[in-house]
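All remarks here apply to the structure that follows.
There are 2 protein chains.
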Amino acid sequence: MGKRKTTSTNLQNERFIATTCDLTYAVCLLSGRWKLLILCHLQDGILRYSEIRSKIPGITEKMLTVQLREMEKDGLVYRTVRPEFPPHVDYGLTEMSSELIPVWEVLENWGATHRKSAINATP
Amino acid sequence: MGKRKTTSTNLQNERFIATTCDLTYAVCLLSGRWKLLILCHLQDGILRYSEIRSKIPGITEKMLTVQLREMEKDGLVYRTVRPEFPPHVDYGLTEMSSELIPVWEVLENWGATHRKSAINATP
DNA sequence: CAGTATCCATTAAGATACTG
DNA sequence: CAGTATCTTAATGGATACTG
Chain A
0 MGKRKTTSTN LQNERFIATT CDLTYAVCLL SGRWKLLILC HLQDGILRYS EIRSKIPGIT
60 EKMLTVQLRE MEKDGLVYRT VRPEFPPHVD YGLTEMSSEL IPVWEVLENW GATHRKSAIN
120 ATP
Chain B
0 MGKRKTTSTN LQNERFIATT CDLTYAVCLL SGRWKLLILC HLQDGILRYS EIRSKIPGIT
60 EKMLTVQLRE MEKDGLVYRT VRPEFPPHVD YGLTEMSSEL IPVWEVLENW GATHRKSAIN
120 ATP
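Chains as they are written, first to last, in numbering that gives the first Met the number 0: chain A, 0 to 122; chain B, 0 to 122.
Written out as structure tokens, the structure reads:
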């Protein structure tokens, strides 16, 4: 019935801790429409929930929350709640995710270059 | 009918050519369970369809074909068919995707380091 | 060998409304 | 302010069988 009998390679659910490939492991931790983008914005410093949201046009609150929570669980962001009212929650990179800064630097440059070509090439 | 009325942010379908963010553009071109992994294997040289498949345990023929075709369309791999029987098809990196080699190098190292920690940390 | 085709299960993502 | 909850659709991934 609701059971998987097969190799069971869900991206988000089982987080691929047991995968045998380091690259696959990394890809799985970072896969998601918004994760790299969120991390990239956090490299400039600690941001509040609403600050991240306003820096990423198009993201819904639900997706922002989901992705932040997953990344927190995976050790990619830390989350600090200040016991105030109104609530105040800070997010920042961890040591682990800081090591990925070169990744989005390369990707951003690469994207900039080739997006321009793609736009110019569209008839 | 088959029409989207909303912001329309499908990952694979509309390929995000019109996105306003370079990083998002890059992420969208590379998103997919297998793309980085395939590209990574191709950095060692030209590979045939069956060679890629055997280097990536767990991938199905369908997914390999789908991802290769998308990447070919996006200029991330090239595909050469030799008019022989039995068929012989070669795949290789393009200039564009060669620029991404640093990305998977970082990711692979990062994955290696932190996967070990994750495995050791699991109770 | 290098794929296609079909069908189906699971997951990601989005809209919208609501809350402590 | 910083989220939840609920519902819906879109997209991904897989099993299996078949083909030029």
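Every residue gets a Cβ at the ideal spot worked out from N, C-alpha and C, and that includes glycine.
All values reported here derive from a predicted model rather than from experimental measurement.
Limits of the unbroken alpha helix (DSSP H) element including residue i
| i | result |
| --- | --- |
| A:Thr64 | 60–72 |
Identity of the residues DSSP links to residue i by a beta bridge
| i | result |
| --- | --- |
| A:Leu46 | A:Tyr90 |
| A:Arg78 | A:Tyr90 |
Residue i - containing beta strand (DSSP E), residue span
| i | result |
| --- | --- |
| A:Thr23 | Counting along the chain, A:Thr23 falls outside any beta strand (DSSP E), though it belongs to the alpha helix (DSSP H) covering 21–29. |
Top-ranked residue by Cα proximity to residue i, from the options
| i | options | result |
| --- | --- | --- |
| B:Gly110 | A:Met62, A:Val80, A:Val102, A:Gly110 | A:Val102 |
| B:Ala117 | A:Glu69, A:Leu29, A:Gly74 | A:Gly74 |
| A:Gln42 | A:Ser97, A:Lys115, A:Val105 | A:Ser97 |
| A:Lys34 | A:Arg81, A:Asn108, A:Ile58, A:Gly44 | A:Ile58 |
| A:Ser49 | A:His87, A:Thr23, A:Pro82 | A:His87 |
| A:Thr93 | A:Cys20, A:Thr19, A:Cys39, A:Asn119 | A:Cys39 |
| A:Gly44 | A:Gly91, A:Leu106, A:Ile100 | A:Gly91 |
| A:Ile20 | B:Lys54, B:Thr64, B:Met70 | Per the sequence presented here, residue 20 of chain A reads as Cys, with Ile not at that position. Among B:Lys54, B:Thr64, B:Met70, the Cα nearest to that of A:Cys20 is on B:Lys54. |
| B:Leu106 | A:Asn108, A:Leu67, A:Met95 | A:Met95 |
| A:Asn108 | B:Leu63, B:Glu104, B:Arg114, B:Leu99 | B:Leu99 |
| A:Lys72 | A:Leu29, A:Asn119, A:Thr23, A:Leu22 | A:Leu29 |
| B:Leu46 | B:Arg78, B:His113, B:Asn119, B:Leu22 | B:Arg78 |
| A:Cys27 | A:Pro56, A:Lys61, A:Glu60, A:Gln66 | A:Gln66 |
| A:Arg32 | B:Leu36, B:Arg52, B:Leu22 | B:Leu22 |
Backbone secondary structure at residue i - three-state DSSP
| i | result |
| --- | --- |
| A:Glu104 | helix |
| A:Arg32 | coil |
| B:Gly131 | Outside the shown range of chain B, which is 0 to 122, sits residue 131 of chain B, and nothing can be said about it. |
| A:Leu99 | coil |
| B:Asn119 | helix |
Proximity test, residue i beta-carbon vs the ligand GDP heavy atom, cut-off 6 Å
| i | result |
| --- | --- |
| B:Ile37 | Inclusion of the ligand GDP in the displayed structure is not the case, the ligand content being empty and no account of it being possible. |
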